[in-house]
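Novice: The letter at position 66 of the sequence shown is residue 66 when you use this note's numbering, and the numbering goes up by one with no holes. Cβ coordinates follow ideal geometry from the N, Cα and C atoms, glycine included. Below is a structure I'd like to ask you about.
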Amino acid sequence: MPDQSAAAARLRLALEMYEFGEQAQRSRLRRLRPTATDEEIEKAVRAWRVSRPGAPMGDAIGRPSHRFA
């Protein structure tokens with residue numbers, strides 16, 4: 001059985017990296033749109049989260065998911 005603590009640490013790191021990336025995108029959007037409201041920024045973050053530049057149908061074979069749209 002693989003080391004569960006190492007796997008848990010990798011998962012925590014991946015989640016922290018995702019959160020950091022999302023916060024970096026919020027900061028970027030605020031720089032680009034200084035007059036945007038918090039609601040507008042959150043809407044733009046949601047749109048960014050589901051966009052697939054270069055892979056509009058996803059990265060894998062199968063049906064596209066609309067789970068987060």
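1) Starting from A9 and walking both ways along the alpha helix (DSSP H), at which residues does that stretch end?
2) Using a Cβ-Cβ cut-off of 8 Å (strictly less than) and excluding sequence neighbours within five positions of A36, which residues of its own chain qualify?
3) Check for me: the alpha helix (DSSP H) holding A47 runs from which residue to which?
4) Anyone know if the C-beta pair for L23 and W48 falls short of 8 Å?
Specialist: Reading it off the structure:
1) Counting along the chain, the unbroken alpha helix (DSSP H) around A9 starts and ends at Q4 to L32.
2) Excluding residues within five positions, the ones whose Cβ falls inside 8 Å are L29, R30 and A44.
3) A47 -> alpha helix (DSSP H) spans D38 to V50.
4) One detail in the question is off: residue 23 reads as Gln in this sequence, not Leu. Against a cut-off of 8 Å, the Cβ pair of W48 and Q23 comes out as no contact.
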